[in-house]
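In the working numbering, the protein residues as written are 164 to 519.
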């Protein structure tokens, strides 16, 4: 009866006691005991997650793709930075698009070095907070058995690639023709390719560091170490022929060496632009030996005795950087990107910095 508990003693009958001593209660207890002692089949699910790996990857990609397109602070800014860097450094050569002296060649080499390094630093530093936010969300989703680390790792790759390709294209199209590089399609494509590899390598390494380390401060510290070592032992500050034997491992290990070799050898291969050597330089000795051997050593060369831009690259890097190495540069950079994604996968699988 509704409200029976608030109407005093009522008729004074104890329904609970009467039921506990009734045959019906005895039958219920007997049935419960039978069910408890009966062997039950173990519940086995066909997979750990409710959906297949394909479905997980598709849905995570759709979500992450929307996040990327709705993140102007990340994607629009890096496109803008690529364009500004190209125009600022390219404007230096707008009035002299054809190199004439060794000084002109050195300034071009230095500008390529700085632009590639600057965009690499920007790519690594800007990806850290974005990946950290999604990584922490992944920890919660993984605990709820929504999807695994492979789904988010693949989704980050698929979402990053279009922006990396676009950012490298924006930089290359504005920089390449402003500086006065060759209009050959193959050389333009190779420059674009190596810039895309450079941005991709540092972006994915940034993700890898962020997946392994606790916070963006630590990841940024290791990223700075990587970039610093790459810039020092990339073959520009210390040329390959002058690399100390103790540090030769760094020259062959860090990625900027392969980026710079690909950029320089692809652009100046078979470049017949006349370059006037500076008196007393290694290029001066090369030109005198190869083109003006009748001039006594130590004497100034005549004005019409010049080398080429291709010769200068060969001499400047001790003959170590050649166009034949381009394929190996590409192989290394592909491998570096694969290693970075493996780092990310390992970090997402083995680490959980939100675990209590």
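By construction, the Cβ of each residue, glycine as well, lies at the ideal position given by its N, Cα and C atoms.
Worksheet item: At which residue ranges does the region 350–390 contain complete beta strand (DSSP E) runs of 3 or more residues, listed in the order of the chain?
Response: none
Practice prompt. Would you mind stating whether residue 335 and residue 354 have Cβ atoms separated by less than 8 Å?
Written response: Taking the chain shown and counting its residues from 1, the one referred to as residue 335 is at position 172. Taking the chain shown and counting its residues from 1, the one referred to as residue 354 is at position 191. Cβ atoms of residue 335 and residue 354: closer than 8 Å.
Worksheet item: What are the partner residues of residue 439, as DSSP defines its beta bridges?
Response: Position 276 of the chain shown, counted from the first residue, corresponds to residue 439. Beta-bridge pairing links residue 439 to 264.
Worksheet item: Got a sec? Which residues, its chain only, sit under 8 Å from residue 441 by beta carbon, not counting five neighbours each side?
Response: Working through the chain shown from its first residue, we reach residue 441 at position 278. Excluding positions up to five away in sequence, the list reads 264, 265, 266 and 447.
Worksheet item: Between the beta-carbon of residue 216 and the beta-carbon of residue 279, is there less than 8 Å?
Response: Translated into the one-based positions of the chain shown, residue 216 becomes position 53. Translated into the one-based positions of the chain shown, residue 279 becomes position 116. Contact flag unset, no.
Practice prompt. Classify residue 175 as helix, strand or coil using the three-state DSSP reduction.
Written response: Looking up residue 175 in the chain shown gives position 12. Correct three-state label for residue 175: coil.
Fill in: residue 471 (DSSP reduced to helix, strand or coil)
Position 308 of the chain shown holds residue 471. The three-state reading of DSSP puts residue 471 in strand, counting E and B together.
Worksheet item: Between residue 517 and the rest of its own chain, which residues show a CB-CB distance below 8 Å, the 5 nearest in sequence each way excluded?
Response: As a working mapping, residue 517 is identified with position 354 in the chain shown. So the qualifying residues of the chain are 299, 302 and 303.
Worksheet item: So the alpha helix (DSSP H) residue 429 belongs to, where does it begin and stop?
Response: As a first step, residue 429 is located in the chain shown; it is residue number 266 there, counting from the start. Run containing residue 429: 419–431, per the alpha helix (DSSP H) assignment.
Item to complete: In angstroms with no decimal places, state the Cα-to-Cα distance between residue 395 and residue 276.
Response: The count along the chain shown starts at 1 and reaches residue 395 at position 232. The count along the chain shown starts at 1 and reaches residue 276 at position 113. Roughly 11 Å between the two C-alpha positions.
Worksheet item: Which value, in whole angstroms, describes the spacing of the CA atoms of residue 436 and residue 463?
Response: As a working mapping, residue 436 is identified with position 273 in the chain shown. As a working mapping, residue 463 is identified with position 300 in the chain shown. The straight-line gap from Cα to Cα measures roughly 21 Å.
Item to complete: Report all residues from its chain with a CB closer than 8 Å to the CB of residue 177; omit the five preceding and five following residues, and keep chain order.
Response: For the purposes of this step, residue 177 is taken as residue 14 along the chain shown, with counting starting at 1. None.
Worksheet item: Run through DSSP, which three-state label would residue 514 get?
Response: Here residue 514 corresponds to residue number 351 of the chain shown, with the count starting at 1. Correct three-state label for residue 514: coil.
Item to complete: Tell me where the alpha helix (DSSP H) around residue 449 begins and ends.
Response: On the chain shown, position 286 is the one that residue 449 refers to. From DSSP, the alpha helix (DSSP H) with residue 449 extends over 445–453.
Discussion item. In chain order, what are the residue ranges of uninterrupted alpha helix (DSSP H) at least 4 long that sit wholly in the region 184–255?
Written reply: Correct list: 186–200, 216–232 and 238–253.
Worksheet item: Which stretch, first to last residue, makes up the alpha helix (DSSP H) that contains residue 345?
Response: Stepping through the chain shown from its first residue, residue 345 is reached at position 182. Counting along the chain, residue 345 falls outside any alpha helix (DSSP H), and DSSP gives it neither H nor E.
Practice prompt. Answer yes if the region 340–349 comes into contact with the region 365–382, meaning at least three C-beta pairs across the two stretches below 8 Å, and no otherwise.
Written response: As far as the Cβ criterion goes, the region 365–382 does not touch the region 340–349, which means the pair count is below three.
Discussion item. I'd like the span of the alpha helix (DSSP H) that includes residue 412, first residue to last.
Written reply: Start at 1 with the first residue of the chain shown, and residue 412 comes out as number 249. It spans 411–416 - the alpha helix (DSSP H) in which residue 412 sits, taken as one unbroken run.
Fill in: Where residue 329 sits in the DSSP three-state scheme
Residue 329 sits at position 166 when you count from the first residue of the chain shown. Here residue 329 sits in helix by DSSP.
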